[in-house]
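396 is the number that our numbering gives to position 395 of the sequence shown; each next residue is one higher, with no gaps. So the structure is just underneath, and the comments pick up after that.
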Amino acid sequence: MVLLITGLLLVLLAGICYLSVRNSRDYLEMQMHSHAQDTATSLGLSLSRPLGQDDLAMVQTMVDAIFDRGDFTEIIVRNPDGDVITRRTLQPPPHLVPPWFVNWLEINPMPGISEITDGWRRVGEVRVFADKDAANRNLWVAAKQAFWLFLFVGVISWVVILMIVRAVLTPLRTLEKQADLICNRDFTGQQPLPKTRELKRVVQAINRMTRQLKVLFDEQVAQIEQVRNQAYVDSITGLGNGRFFNAQLNARIESPEEPFSGVLVRLQVKSMGEYNEHYGHDAGNLLLRRIGQVWQQALEGVEGHCVARVTGTRFAALLPHQTIDQVQAMITQALGRIQRLDGLNLGGSPVKLYAGLSACNVGDDPKLLEAQAAAALERAESFQSGHVEVYDQAAHGEALAPSMPGVSNWAGFLEEVISKKKVVLHYQPVISCVDQALMHYEVLARVAVEGKLITAGHFIPLVERFDMVSRFDRMIIERLIEQLKNQQNGKRVPLAVNLSSHSVREEDFDGWLLATLRNHPDVAPYLIFEVPEITVRTAHGKLRRLAASLRELGAKLTIDHFGTTNSSFGYLSGLQLYSIKVDSSYIRDIEDNLDHQFFVQSLVRIAHSRQILLTAEMVEGEGQWDLLRRFQLDGAQGYFLGEPQPGQEAA
């Protein structure tokens, strides 16, 4: 718009300058001809007597007098036969006017012509030619003055027009941004209102529409969350229920690619029936709610934890990346806090607390783990209230230190892996549910121990335990950038890489990541960074800024393990996401679980309404794949669609 107005203004000024100079030229031509004609007429009258008397000296004197005081290039006096009696010609002055200007003007004034008569006898003719150079000089000066004047006026006018256009277009640009935000389900009204009356009315109408759409969207999300809570959330404590906990346990234990090892905890609240008979069911529910609150608060410091009320009087927790000793101390402290609750201190309260622990690793049998924790809990009940029992720790082994031939010092081994970048990268394809085309690869790390590749599920917990996770993430990113740089543009395929929540929260990690991507702008659009959903809780502000910065650089951000925290869907409105990946706990039995089907279908509607892609992980069968395609997910990955391969030939 500004360029168009500027162009029109320049054309207008050029036209005005052209017409002004042309009109001045025409006027000067007419004036020069008139002046030459008047001079010729006057000189003809003055020369009639001298020519009639053949007084040539007087003729020459009079011609010289007229020529010397006028702007003439030539005066010629001829006799009746056409012979020149006298002629005065002006020597051409130096060129004070550019030749192009002279040629463009083409001033050609008509000469002044007058017959000389003595009485009734014709004695000669006089011709007077005006000085074109003087006219050219005058027009050149006038043209320059007009040009600078018009240029000054043009600049002032352009600045004023630019200010007016900006004042008018700024609200329109804001309206455009607001429309884009509405498309992304960000219902922020425009403030302040524009001063232009017409635009003000439009903005007010759009703001009203925005508020109404926000109400409708919030109601839709609230309904979906309400149904989800009915399926997965305990109504009394607000914790996850048994269905939610069992799905999480099975998904984390059975996935060979996801890093998990930790401790399974069972908490039993004994004699709640007697408590309810003595104090009433309302008091009993209140006590359970307060126990659940303390249970949640005591364990929330463990990243990726999962707590639940699995049955009426039994609570559970899954604590990743923790040792048995750490968890035993943590649970003992939690039981102490619960025993100090007011409801348990009532006189004659029969309620007692016991806990059983079982160490667990990726690949363990979930049913066996449940049995081990139950056995530990049963043994704990033979002691006094508040006892924490560990299931046969010596036989089961340390959760975070897997026994592996060839590795006696895990800290030193992992330090060497990171410093020398001794990881083997495997690639698992993510396939489109629409046309079954390759969307991107997810990068999975392996380390070699005595010729055998160990999956991330076995060594990443140790990387986190030894506080090496940020360095490990940086090493993987550097490897991927180096790999993409070595590939030709037409052969590059987007790669998804996992970032730990710890790395995102680290003080300088985001600065390093963004600086690295800025140094390699050609490969940034081929990188997709996946962060676990727990990061939204622990570092929402930092994650929001990181997502915006990644989008500016062309990179993308994905929320991984979506649905593991029972968080509100509302946080999606503040994050600029490329996609969200549904946690495998909702996929593994989706064919038979109507609640999981409803959850995934609801996610499809919410994600697509915000122009966010929705993908699924751990698709292990054709039935799952067909169902996800029918639900209109965007993509999926799993062993059914393609196993991880050391090269990018899996798809």
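Glycine included, each C-beta is placed from N, C-alpha and C at the ideal position.
Residue i, enclosing alpha helix (DSSP H) - first and last residue
i      : result
His609 : 595 to 610
Pro462 : 457 to 466
Asn520 : 510 to 520
His322 : Careful: His322 lies outside any alpha helix (DSSP H) and carries neither H nor E.
Leu370 : 367 to 381
Lys486 : 470 to 486
Thr539 : 535 to 539
Tyr572 : It is not in any alpha helix (DSSP H) - Tyr572 carries neither H nor E in the DSSP assignment.
Ile292 : 282 to 300
Asp55  : It is not in any alpha helix (DSSP H) - Asp55 carries neither H nor E in the DSSP assignment.
Asn104 : 100 to 106
Asn657 : Because residue 657 is not part of the residues shown, which for the chain are 2 to 652, the question remains open.
Asp627 : 623 to 631
Leu97  : Looking at the DSSP string, Leu97 is not in any alpha helix (DSSP H), and its letter there is neither H nor E.
Gly413 : 411 to 420
Residue i to residue j span [Cα, whole Å]
i      : j      : result
Gln638 : Gly624 : 14 Å
Ala180 : Asn242 : 40 Å
Gly305 : Phe599 : 24 Å
Ile432 : Leu642 : 7 Å
Gly571 : Arg538 : 12 Å
Ala299 : Ala232 : 25 Å
Glu465 : Phe473 : 9 Å
Met210 : Lys201 : 14 Å
Glu508 : Asp468 : 14 Å
Asp655 : Thr90  : Because the chain is modelled from 2 through 652, residue 655 falls outside the range shown and cannot be assessed.
Glu644 : Gln429 : 6 Å
Asn139 : Gly53  : 39 Å
Arg253 : Thr197 : 59 Å
Leu13  : Val98  : 25 Å
Arg50  : Asp119 : 6 Å
His397 : Leu319 : Only weak support is given to the placement of His397: the predicted model assigns it a pLDDT of 45, under 50, and the value that follows is read from those uncertain coordinates. Computed Cα separation, rounded: 17 Å.
Phe261 : Ala497 : 20 Å
Tyr640 : Gln646 : 11 Å
Val424 : Ile607 : 38 Å
Ile183 : Arg212 : 10 Å
Asp590 : Ile207 : 44 Å
Gln224 : Ala457 : 38 Å
Arg519 : Tyr527 : 13 Å
Ile419 : Asn251 : 31 Å
Gly113 : Ala15  : 34 Å
Phe153 : Val169 : 24 Å
Cys18  : Glu116 : 41 Å
His503 : Val311 : 29 Å
Asp593 : Gln489 : 45 Å
Val203 : Gln192 : 13 Å
Val85  : Asp27  : 31 Å
Glu278 : Ile237 : 18 Å
Ile332 : Ile339 : 10 Å
Glu479 : Ser386 : 53 Å
Gln249 : Ser585 : 8 Å
Pro355 : Leu268 : According to the sequence provided, residue 355 is Tyr. The question's Pro does not apply to it. Rounded to the nearest angstrom, the two C-alpha atoms are 6 Å apart.
Ala34  : Leu44  : Residue identity differs from the one stated: residue 34 is His in this sequence, not Ala. Their backbone Cα atoms lie some 15 Å apart in a straight line.
Residues that residue i bridges to, as DSSP identifies them
i      : result
Phe73  : Ala131
Phe653 : This structure does not reach residue 653, given that the chain is present from 2 up to 652, and the question cannot be answered.
Ala206 : Note: Ala206 sits in no beta bridge, so no partner.
Phe530 : Val498, Leu558
Pro430 : Tyr442
Thr616 : Lys582, Gly636
Val450 : Lys453
Gly263 : Pro321, Cys361
Arg79  : Val85, Glu126
Opening and closing residue of the beta strand (DSSP E) in which residue i lies
i      : result
Phe563 : 557 to 563
Val85  : 85 to 90
Ile588 : Unbroken run through Ile588: none, as it is neither H nor E.
Tyr392 : Note, Tyr392: premise wrong, no beta strand (DSSP E); not H, not E.
Ile581 : 580 to 583
Ser359 : 353 to 362
Below-9 Å beta-carbon distance, residue i vs any chain B residue
i      : result
Asn247 : In the structure shown, chain B cannot be found, because there is only a single protein chain.
Whole-Å CB distance - residue i paired with residue j, under 8 Å assumed
i      : j      : result
Leu573 : Ser550 : The Cβ separation is near 18 Å, so there is no contact.
Val308 : Leu240 : 6 Å
Ser1   : Thr559 : In this structure the chain extends from 2 to 652, so residue 1 is not present and cannot be described.
Val22  : Ala147 : 7 Å
Ala41  : Val129 : 4 Å
Glu534 : Phe563 : 5 Å
*Return the chain-ordered ranges of every alpha helix (DSSP H) run that is complete within the stretch 118 to 163 and spans a minimum of 4 residues.*
Here no run is fully enclosed.
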